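Residue numbers (our numbering): 19 to 280.
Take a look at the structure set out below.
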Ligand code: BTN
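In structure tokens:
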């Protein structure tokens with residue numbers, strides 16, 4: 019299906035029985051995460067989904083912006099009111115990353131993996147990212163979590179400045195990929211994983227291409243090198259350095275370092 023011929027009509031009907039029963043499709047917004055977070059603070063129930071054709075100020079991890087060509091990406095945020103302890107919140111973003119990879123496999127027939135913490139890659143190129151933002155009450159109680167996902171779906175080409183780093187579903191599949199089908203598959207996959215949250219960490223580790231890799235961890239006070247050896251229950255990446263220390267990385271950027279063959 020040509021990307022611009024697709025219609026969002028009928029998405030709701032395909033999601034009957036899922037928790038995601040309030041899907042709103044907008045043309046141009048600042049950020050779908052911002053919209054859903056505001057709705058959450060105003061009392062909207064779990065299940066709200068906001069999809070946009072284009073974002074002027076998409077939000078990325080670590081305070082970055084998330085830019086994408088208009089009409090070529092799946093830009094979606096969902097509202098969750100999960101009954102989980104705050105120390106298990108990262109299971110939601112793990113579930114979202116897994117759901118994106120599964121949706122891309124079923125709709126585009128493209129094999130995607132995860133890079134810590136929640137990038138979705140094809141090979142070493144980024145296909146999608148996940149950003150969760152929480153609404154936490156003054157006393158620390160979790161009121162809502164907004165999980166936002168940006169998937170590069172139908173791009174004419176990867177912009178020069180992103181060329182070695184990014185890809186899109188159509189460029190991997192060799193054909194246009196329906197954002198509607200991808201959205202429905204993603205929401206179904208996410209719903210299923212949220213219903214079986216205990217299984218998520220093991221599935222996540224299984225799909226995490228970072229494990230076993232040499233990595234460069236970029237932290238505000240400088241980078242260091244090591245081998246990614248695990249992810250602990252708090253979602254931290256465990257990195258073993260050359261001097262035998264294990265460093266727990268809670269936030270930061272991780273680069274998969276290419277190892278040269280002997
Ligand atoms: C990352 O930095 O990798 C996470 C990017 C998340 C982008 C998505 S696009 C839809 C949703 N709305 C936003 O403003 N951000 C997320």
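Even glycine gets a Cβ: it sits at the ideal position worked out from N, Cα and C.
Remember, it's a predicted structure, so these values are computed and weren't measured experimentally.
For residue 242, the enclosing beta strand (DSSP E) covers residues 240-249. Exposure of residue 28 is indicated by the presence of fewer than 16 other C-beta atoms within 10 angstroms of its C-beta. In this structure residue 166 touches residue 95 by the C-beta definition: roughly 4 angstroms separates them, less than 8 angstroms. Excluding residues up to 5 positions away in sequence, 234 lie with their Cβ nearer than 6 angstroms to the Cβ of residue 241 in the same chain. For residue 136, the three-state secondary structure derived from DSSP is coil. Counted as a single uninterrupted DSSP element, the stretch harbouring residue 207 is not any beta strand (DSSP E) but the alpha helix (DSSP H) occupying residues 197-213. Straight across, the Cα-Cα distance linking residue 105 with residue 238 is about 23 angstroms. Per DSSP, residue 111 lies in no beta strand (DSSP E) segment; the continuous alpha helix (DSSP H) that holds it begins and ends at 108-126. CA-CA distance, residue 145 to residue 170, rounds to 6 angstroms. Nearest in C-alpha terms to residue 33, of all of 267, 274, 225, 208, is 208.
When the five nearest sequence neighbours on each side are left out, the beta carbons in the same chain lying within less than 6 angstroms of the beta carbon of residue 74 are those of 48, in order along the chain. Taking a C-beta distance under 7 angstroms as the contact criterion, residue 44 and residue 86 do not qualify as a contact pair.
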